[in-house]
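**Student:** Starting off with a structure, shown below.
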Amino acid sequence: MSFWTFWRKNSFVLLLVAGFLLVDTFVAWRDPMTNSLRFEKDDFTKTLYHHQWDRSGPVFFGNSAVTGAYMEHKAQKPLVEMGMTYGKITDLREILKRELYTVEDQLVVGIDVHTMLDRMQTDPRFPWSRPWYSPYLFHYRDYFQDAGGEWIRNAWAAARQGQLDFSSYEPRWNDKMLYFGYKPAEEMKKDLARYEANYYWMGLDDMKGNLEALDWLLGYVKEHNLPLKVIWMPLNPDPAYPQPAYWKQLKERVHAMVQPYDVPVLDLSDKFAPDTFHDIVHLNQEVGAPKFTAEVDRWLLSFEKSAK
């Protein structure tokens, strides 16, 4: 079959595909998932948004345990709080490999019982979650459907009143999740049951990807002469909520990996009383987070004093 014969038979479909790709490329270039408040944001993008889109600075990276525990605005030696819901070491590797953020002066990594789990769910809105071959509009289709539905509803409501309105929308919530007060015991038991069913049976073999990412990170900080520190994040010590069996093994493995690089480690996993927690893995804002932030400050400042 000649090219022109193929073109005549398939021109409509080919033009349709070309048109879609052009539109998709334009939308991806504008990146409304990042730049428009019509769309919900992932926690990495929220970090940038709340720091005036600055993409450099000293960083405290981790998952939601870091977000709930570290109060950047109250720190004496503030780090950019880059806790992300479902954040893992593999995510930090993507951020650094893709040069989405330049860590300066210091990188602190908080590790809790979920940070290293390969099977832990992720946020599909992370900028690195979209494969290069996946169209922008397709990958974020659920969020476009939500925003498009709102656009139609608002336009129709205005039209019924004889008005023309295509710009009104309800800005999406753009703050990170913080944890206040104390979760009821019944809900805590449900959380524990979910953790035990989904994660607590795992072992180090279920963390291979994140352990490899940590090994990559150690090479990265050495190459870039970037000071790295590790903090073991607090866990609720209430005996009603036992720690996962892999926790001790994970600590031993990570310590063995970071020791040759002289990476300082602060173990706060057993430091805080049950009344400082909101649930099993998140400190509350009233008591726990201020104490945690003060502990981290004292630790970081001790390095400056010892250097003098």
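For the sequence shown, the working numbering assigns the number 694 to the initial residue and increments by one for each residue that follows.
From the three backbone atoms N, C-alpha and C, an ideal C-beta is built for every residue, glycine too.
Note that the structure is a prediction, hence the values are computed from the model and not measured.
Which term fits F753, buried or exposed, when burial requires 16 or more other beta carbons within 10 angstroms of its beta carbon?
**Tutor:** On the sequence shown, residue 753 is found 60 positions in, with the first residue counted as 1. It is buried - the Cβ of F753 has at least 16 other Cβ atoms within 10 Å.
**Student:** Report yes if the C-beta distance between P820 and F732 is below 8 Å; otherwise report no.
**Tutor:** For this step, residue 820 is matched to residue 127 along the sequence shown. For this step, residue 732 is matched to residue 39 along the sequence shown. Cβ atoms of P820 and F732: not closer than 8 Å.
**Student:** According to the neighbour-count rule (16 or more other Cβ atoms, all chains shown, within 10 Å of its Cβ), is S757 buried or exposed?
**Tutor:** Translated into positions along the sequence shown, residue 757 becomes position 64. Classification for S757: buried.
**Student:** Taking W909 as the reference, give the member of R786, L709, D747 with the closest Cα.
**Tutor:** Translated into the one-based positions of the sequence shown, residue 909 becomes position 216. Looking at the Cα atoms, R786 is the closest of the given residues.
**Student:** Who are the Cβ neighbours of S861 in its own chain at under 8 Å, not counting the five residues just before and after it?
**Tutor:** Residue 861 sits at position 168 when you count from the first residue of the sequence shown. If we look at S861 and ignore the five residues flanking it on each side, its Cβ neighbours are N847, A851.
**Student:** I need the straight-line Cα distance from P930 to H975, nearest angstrom please.
**Tutor:** As a first step, residue 930 must be located in the sequence shown, where it is residue number 237. As a first step, residue 975 must be located in the sequence shown, where it is residue number 282. Cα to Cα, the separation comes out at about 12 Å.
**Student:** Determine, using beta carbons only, whether N867 and K781 come nearer to each other than 8 Å.
**Tutor:** Position 174 of the sequence shown, counting from 1, holds the residue named residue 867. Position 88 of the sequence shown, counting from 1, holds the residue named residue 781. Contact: no.
**Student:** Should F985 and N977 be called a contact, given that it needs their Cβ atoms to be closer than 8 Å?
**Tutor:** Residue numbering aside, residue 985 sits at position 292 when the sequence shown is read from its first letter. Residue numbering aside, residue 977 sits at position 284 when the sequence shown is read from its first letter. It is not a contact, given that the beta carbons lie outside the stated cut-off.
**Student:** Under a three-way DSSP split, which group does M950 fall into?
**Tutor:** Counted from its first residue, the sequence shown places residue 950 at position 257. DSSP places M950 in helix when its eight states are reduced to three.
**Student:** So, using beta-carbon positions, are M809 and N903 closer together than 8 Å?
**Tutor:** Reading the sequence shown from its first residue, position 116 is the one you call residue 809. Reading the sequence shown from its first residue, position 210 is the one you call residue 903. Cβ atoms of M809 and N903: closer than 8 Å.
**Student:** Does the beta-carbon of G912 have 16 or more other beta-carbons within 10 angstroms, so that it is buried, or is it exposed?
**Tutor:** Mapped onto the sequence shown, residue 912 falls at position 219. Result: exposed.
**Student:** Where do the N-terminal and C-terminal ends of the alpha helix (DSSP H) with T783 fall, by residue?
**Tutor:** Walking along the sequence shown from the start, residue 783 turns up at place 90. For T783, the enclosing alpha helix (DSSP H) starts and ends at 782-790.
**Student:** Whether or not the segment 927-941 and the segment 891-898 are in contact is what I'm after, with contact meaning three or more pairs of Cβ atoms, one per stretch, closer than 8 Å; do they touch?
**Tutor:** Yes: at least three Cβ pairs fall under 8 Å.
**Student:** For P920, which residues from the same chain have a beta carbon less than 8 Å from its beta carbon, with the 5 sequence-adjacent residues on both sides left out?
**Tutor:** On the sequence shown, position 227 is the one that residue 920 refers to. The beta carbon of P920 lies closer than 8 Å to those of D798, Q799, L800, V914 in the same chain, with the five residues before and after it left out.
**Student:** Count the other C-beta atoms from every protein chain shown that fall within 10 angstroms of the C-beta of E774, then say buried if there are 16 or more, exposed otherwise.
**Tutor:** The count along the sequence shown starts at 1 and reaches residue 774 at position 81. Its Cβ being crowded by 16 or more others within 10 Å, E774 is buried.
**Student:** In this structure, does DSSP put P967 in helix, strand or coil?
**Tutor:** Residue 967 sits at position 274 when you count from the first residue of the sequence shown. Reduced to three states, the DSSP call for P967 is helix.
**Student:** Using 8 Å for Cβ pairs, my map puts I804 next to G855. What's the rounded Cβ distance?
**Tutor:** Here residue 804 is taken as the residue at index 111 of the sequence shown, counted from 1. Here residue 855 is taken as the residue at index 162 of the sequence shown, counted from 1. For I804 against G855, the beta-carbon gap comes to about 59 Å, at or over 8 Å, which does not count as contact.
**Student:** Does DSSP put E774 in a helix, in a strand, or in coil?
**Tutor:** Residue numbering aside, residue 774 sits at position 81 when the sequence shown is read from its first letter. Three-state DSSP puts E774 in a strand.
**Student:** Would the segment 715-725 and the segment 765-774 be scored as touching if the rule is three or more Cβ pairs under 8 Å?
**Tutor:** no
**Student:** Is the Cβ-Cβ distance between V947 and L907 less than 8 Å?
**Tutor:** To locate residue 947, count along the sequence shown from 1; it is residue 254. To locate residue 907, count along the sequence shown from 1; it is residue 214. Contact flag set, yes.
**Student:** Considering only DSSP beta bridges, list what W925 is partnered with.
**Tutor:** If you number the sequence shown from 1, residue 925 lands on position 232. In the DSSP output, where bridge partners are listed per residue, W925 has I804, D960.
**Student:** State yes or no: is the C-beta of P828 within less than 8 Å of the C-beta of D717?
**Tutor:** Taking the sequence shown and counting its residues from 1, one reaches residue 828 at position 135. Taking the sequence shown and counting its residues from 1, one reaches residue 717 at position 24. Cβ distance < 8 Å, so P828 and D717 count as in contact.
**Student:** Of the choices F859, G874, P817, P927, whose alpha-carbon is the least far from that of M726?
**Tutor:** Taking the first residue of the sequence shown as position 1, residue 726 is located at position 33. Checking every option, the nearest Cα to that of M726 belongs to P817.
**Student:** Taking DSSP as the reference, what is the three-state secondary structure of P725?
**Tutor:** Start at 1 with the first residue of the sequence shown, and residue 725 comes out as number 32. Reduced to three states, the DSSP call for P725 is helix.
**Student:** By the three-class DSSP mapping on this structure, what secondary structure does L976 have?
**Tutor:** In the sequence shown, residue 976 corresponds to position 283, counting from 1. Three-state result, L976: strand.
**Student:** Find the nearest neighbour of W925 within the set L943, L830, P932, judged by alpha-carbon distance.
**Tutor:** To locate residue 925, count along the sequence shown from 1; it is residue 232. Comparing Cα-Cα distances from W925 to each of L943, L830, P932, the minimum goes to L943.
**Student:** Given a threshold of 16 other Cβ atoms within 10 Å of its Cβ, counted over all protein chains shown, does P932 qualify as buried or as exposed?
**Tutor:** Counted from its first residue, the sequence shown places residue 932 at position 239. Burial state of P932 is exposed, judged by a 10 Å Cβ sphere holding fewer than 16 other Cβ atoms.
**Student:** Could you pull out every residue in the same chain whose Cβ sits closer than 6 Å to the Cβ of T760, ignoring the five residues on either side in sequence?
**Tutor:** Within the sequence shown, the letter at position 67 stands for residue 760. Closer than 6 Å at the Cβ level, and outside the excluded window around T760, lie G776, K869.
**Student:** Can you tell me which of the three DSSP states G902 falls into?
**Tutor:** On the sequence shown, position 209 is the one that residue 902 refers to. Three-state DSSP puts G902 in a helix.
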